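All remarks here apply to the structure that follows.
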Amino acid sequence: MGKSKQIDRRWLFLLIFVGVALPLIFTIGLPIETSKNVQIVYDLVESMPKDSKALISFDYDPASMPELHPMAKALLKHCFDKDINVIFTALWPMGVQMAEDIISQLQDQYPNLQYGVDYVNLGFKAGGMITIQSMGKNFRKVFPEDTNGNKIDELPIMDGINNFNNINFVFSLSAGAPGIKEWVQISHDAYGRPTSGGCTGVSAPAMLPYVNEQKQLTGLLAGLKAAAEYENLLQAPGTATSGMDAQSMAHLIIIIFIIIGNINYWRNKKSDKKGDR
Amino acid sequence: MEQFFTILGTWLGALFTFAIFSFLYKDNPFYKTAEQIFVGLSAGYWFVYTIFFILIPNLYNPITQDFSANWIKLIPAVLGIMMLMRLIPKTEWVSRFPISIVIGTTSGVFFLRYLKSDVLNQLTATMINPFLSDNWVIIIGELMLIVGTICGVIYFYFSKKHEGALGVSAKIGIYFLMVSFGAAFGYTAMARISLLIGRLQFLLGDWLGIIHP
């Protein structure tokens, strides 16, 4: 196929750029349907009684913020609305800052939140699966102190929390390994705790098989779309919802160009055949 | 002063975003500069992070604060030093011992977990009665799950030539694989566009103040 028959790809970049920017400025408000996996996650949190303990692991860094930050924010809002006590941890070093950033964003909406009572940040621990396995035996050995240097035994939220048996559900916000997979392997498959997660779109196909009859994962939030669906369920539109128009527009452009590309391919193939004759 | 640094950070973020985006037009000095700064910053950040957030809290502090309870941590410390021997060609061979320990323990721990989670539990999840539901969409979905799993596995069975019933099953397996590749591509496209949306929300919101997400 001759190069002259192809569109300069920079036009496509420009079109995607404009196609994403315009819907962000001029909102269209396309409808957002809730998918089954998101509904399962929502129902899991909704079913938790007051003062339940949730372990939320921030297993991502700033590179995945656009996808995972909105779902982290929506999930935490849901937990705090339901008076669920949240224990943060991180298998990625920068996950600690991610958790702190979300809390700082939510503090205006929840001025009565008390550190050490309603939530605690245990911080990062290297080791991935081994760390989770050790947490299953004894939290205090893995995290004797929180990120502020407070002794865990002195924090009211950690009263009676010794291992996974004292946790109502586990949720991993994951951008790769270590992440959801490791939590499934230990917190669910070894200790039988309800485990759920939110992941980037890229890793979704690898995580979806865990949402199965065995309930290795109780639902899954996959990518920005799932975050928007969760915001929609909470009736609290945020950055994910505002990004969905742009997402749909970009997908439309990609689909149109895939069709144009294929038509162009078949036409060129046909003309090449005629030329050969 | 704090506000000044916030504004400076936003402007630097915007300029570096444009510098990286400029690569889409063609390679240029702005892109190269941004790339090199990113590499340098990352290396420096991780070096400091490893020392202050891994080595000091996990090794130095426990040993100096309560040696009798934590002396066992000297063993991984020595193994770590042995690993660093790789940097000197004459002592490179020493690093083989810690590497062998890492490989042995990792495979031992991971084997059991992966066998249970990725083989046994995944297989059990496909051993279902697809006709239990009243909803025909669910029935079709579960039938496809069973057929797709069996045919997909058959495609990777190479000890017999793919012909006859085996060939047909393998061919069906390929179609299921193609669909999964298509789904993976769709998710990847969505993820990449999400990153662009994140950057544009920063540029149009935090930097220019045009939108308020």
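The listed protein sequences correspond, in order, to chains H and G.
Here the numbering used here is used: position 162 in the first sequence is 162, and no number is missing along the way.
Heads up, the numbering used here is the position in the second sequence plus 1000, with the first residue counted as 1.
Virtual Cβ for every residue (Gly too), placed ideally from N, Cα, C.
Owing to the predicted nature of the structure, the values given are computational and were not obtained by experimental measurement.
With a CB to CB cut of under 7 angstroms and the five nearest residues on each side skipped, what residues in its chain are close to residue i?
{"i": "PRO178 of chain H", "result": "ASP59, LEU91, GLY128, MET129"}
{"i": "LEU12 of chain H", "result": "PHE257"}
{"i": "SER64 of chain H", "result": "ALA175, THR200"}
{"i": "ALA1070 of chain G", "result": "Correcting the residue identity first, residue 1070 of chain G is Asn in this sequence and not Ala. So the list reads PRO1062, ILE1063, once near-sequence residues are dropped."}
{"i": "HIS78 of chain H", "result": "VAL45, LEU234"}
{"i": "GLN105 of chain H", "result": "LYS73"}
On the three-state DSSP scale, how would you describe residue i?
{"i": "LEU91 of chain H", "result": "coil"}
{"i": "TYR115 of chain H", "result": "strand"}
{"i": "GLU1163 of chain G", "result": "coil"}
{"i": "LEU68 of chain H", "result": "helix"}
{"i": "GLU145 of chain H", "result": "strand"}
{"i": "LYS73 of chain H", "result": "helix"}
{"i": "MET1 of chain H", "result": "Low confidence applies here, because MET1 of chain H scores a pLDDT of 46, under 50, leaving its location unreliable; read the following figure in that light. MET1 of chain H falls in the coil class under three-state DSSP."}
{"i": "LYS151 of chain H", "result": "strand"}
{"i": "LEU221 of chain H", "result": "strand"}
{"i": "MET48 of chain H", "result": "coil"}
{"i": "HIS188 of chain H", "result": "helix"}
{"i": "GLY128 of chain H", "result": "coil"}
{"i": "ASP159 of chain H", "result": "coil"}
{"i": "LYS36 of chain H", "result": "helix"}
{"i": "TRP266 of chain H", "result": "helix"}
Who are the Cβ neighbours of residue i in its own chain at under 6 angstroms, not counting the five residues just before and after it?
{"i": "GLN216 of chain H", "result": "VAL184, HIS188, TYR210"}
{"i": "TYR42 of chain H", "result": "LEU233"}
{"i": "SER47 of chain H", "result": "none"}
{"i": "ALA72 of chain H", "result": "ILE102, LEU173"}
{"i": "SER1022 of chain G", "result": "ASN1028, PHE1030, TYR1031"}
Between the Cα of residue i and the Cα atoms of the options, which residue gives the shortest distance?
{"i": "LEU68 of chain H", "options": "G:SER1194, G:TRP1207, G:ASP1134, G:MET1083", "result": "G:SER1194"}
{"i": "PRO1130 of chain G", "options": "G:LEU1166, G:THR1124, G:LEU1143", "result": "G:LEU1143"}
{"i": "GLY238 of chain H", "options": "G:TRP1207, G:LEU1203, G:GLY1198", "result": "G:GLY1198"}
{"i": "PHE88 of chain H", "options": "H:LEU55, H:THR218, H:GLN133, H:GLY136", "result": "H:LEU55"}
{"i": "ILE1037 of chain G", "options": "G:LEU1055, G:ILE1099, G:THR1017", "result": "G:THR1017"}
{"i": "LEU1123 of chain G", "options": "G:ILE1172, G:ILE1138, G:ILE1103, G:VAL1147", "result": "G:VAL1147"}
{"i": "PHE1156 of chain G", "options": "G:ILE1075, G:ASP1134, G:LEU1177, G:LEU1196", "result": "G:LEU1177"}
{"i": "MET207 of chain H", "options": "H:LYS181, H:GLY192, H:GLU213, H:ALA227", "result": "H:LYS181"}
{"i": "ARG1086 of chain G", "options": "G:PHE1097, G:TRP1011, G:PRO1076", "result": "G:PHE1097"}
{"i": "ILE7 of chain H", "options": "H:LYS274, H:ASN264, H:LYS270", "result": "H:ASN264"}
{"i": "GLU1092 of chain G", "options": "G:VAL1102, G:ILE1081, G:ILE1101", "result": "G:ILE1081"}
{"i": "MET244 of chain H", "options": "H:ILE167, H:LEU75, H:THR27", "result": "H:THR27"}
{"i": "SER134 of chain H", "options": "H:PRO70, H:ASP81, H:SER35, H:ALA190", "result": "H:ALA190"}
Per DSSP, which one or two residues make a beta bridge with residue i?
{"i": "THR195 of chain H", "result": "H:VAL170"}
{"i": "ILE56 of chain H", "result": "H:PHE88, H:PHE171"}
{"i": "VAL120 of chain H", "result": "H:ILE87"}
{"i": "LEU1074 of chain G", "result": "Per DSSP, none; premise fails for LEU1074 of chain G."}
Please classify residue i: is it buried, with 16 or more other beta-carbons within 10 angstroms of its beta-carbon, or exposed?
{"i": "HIS1212 of chain G", "result": "exposed"}
{"i": "GLN107 of chain H", "result": "exposed"}
{"i": "PRO194 of chain H", "result": "buried"}
{"i": "GLU229 of chain H", "result": "buried"}
{"i": "PRO66 of chain H", "result": "buried"}
{"i": "MET1127 of chain G", "result": "exposed"}
{"i": "ALA1165 of chain G", "result": "exposed"}
{"i": "LEU1074 of chain G", "result": "exposed"}
{"i": "ASP51 of chain H", "result": "exposed"}
{"i": "LYS273 of chain H", "result": "exposed"}
{"i": "SER1169 of chain G", "result": "buried"}
{"i": "GLN109 of chain H", "result": "exposed"}
{"i": "GLY198 of chain H", "result": "buried"}
{"i": "TYR1060 of chain G", "result": "exposed"}
Between residue i and the rest of its own chain, which residues show a CB-CB distance below 8 angstroms, the 5 nearest in sequence each way excluded?
{"i": "LYS151 of chain H", "result": "PRO144, GLU145"}
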